Amino acid sequence: MDKVLARGSGSPTARYRPRAALLSAAVGAALVAATVAVATSASAGTTLGAAAAEQGRYFGTAVAANKLSDATYVGILNREFNMVTPENEMKWDATEPSQGQFTYTNADRIVAHAQANGMRVRGHALAWHQQQPGWAQNLSGSALRQAMVNHITQVATHYKGKIYAWDVVNEAFDDGSGGRRDSNLQRTGNDWIEVAFRTARAADPGAKLCYNDYNTDNWNWAKTQGVYNLVKDFKARGVPIDCVGLQSHFNSGSPYPSNYRTTLQNFAALGVDVQITELDIEGSGSAQATTYANVVKDCLAVSRCTGITVWGIRDSDSWRASGTPLLFDGNGNKKAAYTAALDALNAGGTTPPTTTPPTTTPPTTTPPTTTPPTTTAPPSTPPPTGGGCTASLTTNQWPGGFVTTVRVTAGAGALNGWTVTLTVPSGSAVTNTWSAQASGASGAVTFRNVAYNGQVGAGGSTEFGFQGTGTAPSGTPTCAAG
Ligand code: G3I
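The sequence shown lines up with residues -44 to -1, 1 to 438 when you count with mature numbering (1 follows the signal peptide of the UniProt record, and there is no 0).
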């Protein structure tokens, strides 16, 4: 987990200074009692951000650029939060209103405000079926795929080094079936999500890359299982993914589930961070307060739950204002929910496990159906008959770029290392490789196995891939054992 400092603390040790100062003042017989009292007060944060930092987490909020001139709003923001998410300003329609013309003014204002006040930034969202500019809504196929890749590259590069975590892909799963949601992006091919993640990694290798969705809180729901299987698949194949965002918009139709902690634990057990990214809980009074406290406790109980973001500051700022789902009322006063959340942060979690146990709860819903790729042909590797290995290519090409997956298949003998050589056409180049080490970028390019996929049993196979600009290689690559 990341080391999270209390905002304004200045150095890793700064937040412990009050304890040290008081300790030195304690004398004689009072020492033991004073130490106990000081330890208690030193761990009690007086704001959400400070209290979360004491637990190694952050506490964030969605921010709207046009509210940064509202003194009450900014006062609460600067006092309470140490992570911000632009609510709309980094979305596709906001950042690329005309194709190839990028406008960052409002998003930049939020990032600048965060940086000036010691807050970090969650980027939201690079690829989403909603809030696309009209020109993108009118694209399809390889033109849309290329536009998506360019958009991700441009925006993630603009904010390179300034983003703690990106919501790379938002809301790609269907609510009912647990399969993929139909959208123009989905219709460019089932691999659009992994292409988005690889593109984001290439543009900003320092940002955590998250998949973000709603209605993924209840472990028994098919949609939760669908996202879980996506993350599991990405981790198995080396597709870069670092975190899962659970939006966690709770209301009577989609209530906080009693197995929420199980869901957090099971995602974390896949080897990704878990972030609660858009929390709001409709209701009021003690019922709402209790649910906020439960969500905080659940996050604190899971060592890889790295932080909580609420989707707005005051109830009046919420996209669901009539449901009064936030921690401050319309006048900026702290609600019972605020106190409950703060108290739960200060109470700390159950001892966080250092390693999360593997999933044991079986899904009770049918596994999601996965949409077959629409742009790639299935690999057709001939069955190997001798020693050595063979390799075959599967490519998704769009104007100006491509993603190629290479399947390496062992012959009659097991492989202990392999190399694949292929020719990247003149004017084209490999820009990003996964699950192999590339030597060269154009012309004859050799890919060597990495540590975890060099050993392949007789007749078995493994995959690696690469992304590039220009035209993808074609034909049958050379594969050599050793
Ligand atoms: O800025 C215009 C304004 O000029 C115009 O007069 C007004 C008229 O409707 O619209 C304003 O834009 C609105 C924008 O919020 C800013 O307030 C859009 O209509 C409205 O659709 C947009 O809603 C946003 C919504 O995403 C769009 O899907 C919400 O603010 C935002 O909170 C919400 O956030 C999403 C997350 O990104 C993803 N998860 C779900 C969450 C809630 O829907």
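Glycine is no exception: its CB is placed at the ideal position from the N, C-alpha and C atoms.
Just so it is clear, the structure is predicted and the values come from calculations on it, not from any experiment.
Where residue i falls: helix, strand or coil (DSSP)
i                 : result
phenylalanine 358 : strand
glutamate 52      : coil
methionine 39     : strand
asparagine 222    : helix
leucine 4         : helix
valine 230        : strand
phenylalanine 153 : helix
lysine 290        : strand
alanine 436       : strand
asparagine 215    : coil
phenylalanine 58  : coil
asparagine 352    : strand
leucine 202       : strand
valine 406        : coil
glycine 431       : coil
glutamine 11      : coil
residue 443       : Here the chain covers residues -44 to 438 and nothing more, so residue 443 does not appear.
aspartate 236     : strand
serine 336        : Confidence at serine 336 is low in this model, with a pLDDT of 41, below 50, so the placement of that residue is unreliable and no value is reported for it.
Status (buried if at least 16 other CB within 10 Å, exposed otherwise) for residue i
i                 : result
proline 433       : buried
phenylalanine 422 : buried
threonine -5      : In this prediction, threonine -5 has a pLDDT of 38, which is less than 50 and means its spatial position is unreliable; what the coordinates show is noted afterwards. Threonine -5 is exposed by the Cβ-count criterion.
glycine 16        : buried
threonine 365     : buried
lysine 116        : exposed
alanine 243       : exposed
alanine 414       : exposed
threonine 389     : buried
glycine 431       : exposed
glycine 182       : buried
serine 259        : buried
leucine 226       : buried
asparagine 174    : buried
alanine 407       : exposed
phenylalanine 58  : exposed
serine 391        : buried
glycine 263       : buried
alanine 9         : buried
glutamine 86      : exposed
serine 274        : buried
alanine 192       : exposed
serine 384        : buried
serine 204        : buried
alanine 27        : exposed
glycine 343       : exposed
glycine 145       : buried
Candidates the options, of which the one nearest residue i by Cα
i                : options                        : result
tyrosine 170     : Asp130, Leu33, Ala192          : Asp130
glycine 239      : Gly279, Asp147, Thr265         : Gly279
aspartate 160    : Gly79, Thr219, Ile32, Asn176   : Gly79
glutamine 88     : Gly194, Ala121, Asn44          : Asn44
alanine 96       : Arg65, Ser139, Ile66, Val77    : Checking the displayed sequence, the identity of residue 96 turns out to be serine instead of alanine. For serine 96, the nearest C-alpha among the options comes from Ser139.
valine 119       : Gln71, Leu100, Ala(-1)         : Note that residue 119 is isoleucine in the sequence shown, not valine. Out of Gln71, Leu100, Ala(-1), Gln71 has the C-alpha closest to the C-alpha of isoleucine 119.
residue 441      : Gly438, Ala6, Val40            : Since the first residue of the chain shown is -44 and the last is 438, residue 441 is not available in this structure.
glutamine 102    : His205, Ala437, Ala292, Thr427 : Thr427
glutamine 393    : Val376, Gln110, Pro381, Gly241 : Val376
isoleucine 269   : Val251, Asn289, Gly263, Pro53  : Asn289
alanine 156      : Gly135, Ala121, Val187         : Ala121
leucine 235      : Lys253, Ser210, Asn222, Phe206 : Phe206
phenylalanine 37 : Asn287, Gly209, Gly396, Ala297 : Ala297
tyrosine 184     : Ala224, Ala(-1), Pro53         : Ala224
valine 67        : Ala83, Gly344, His114          : His114
asparagine 62    : Phe153, Met46, Ser54, Gly74    : Met46
glutamine 55     : Gln93, Asn22, Met75            : Gln93
asparagine 250   : Glu52, Thr402, Trp267, Asn215  : Asn215
Residues bridged to residue i (per DSSP)
i              : result
valine 258     : According to DSSP, valine 258 bridges with nothing at all.
asparagine 372 : Gln411
asparagine 126 : Trp84, Asn168
glutamine 93   : Glutamine 93 is not bridged to any residue.
alanine 400    : Thr379
glycine 16     : Met39, Thr265
valine 386     : Gly424
glutamate 419  : Arg363
asparagine 207 : Ser210
Integer Cβ distance of residue i from residue j, believed to fall under 8 angstroms
i              : j             : result
methionine 104 : leucine 141   : 7 angstroms
aspartate 299  : lysine 291    : Aspartate 299 to lysine 291, Cβ: 13 angstroms. No contact.
glutamate 419  : threonine 361 : 6 angstroms
alanine 245    : glycine 305   : That pair is no contact at about 18 angstroms.
leucine 202    : valine 230    : 7 angstroms
glutamate 127  : arginine 136  : About 11 angstroms separates the two Cβ atoms, so there is no contact after all.
Residue-level contact to chain C via CB, residue i, 8 angstroms cutoff
i             : result
glutamate 419 : Absent from the structure: chain C. Only one protein chain is present.
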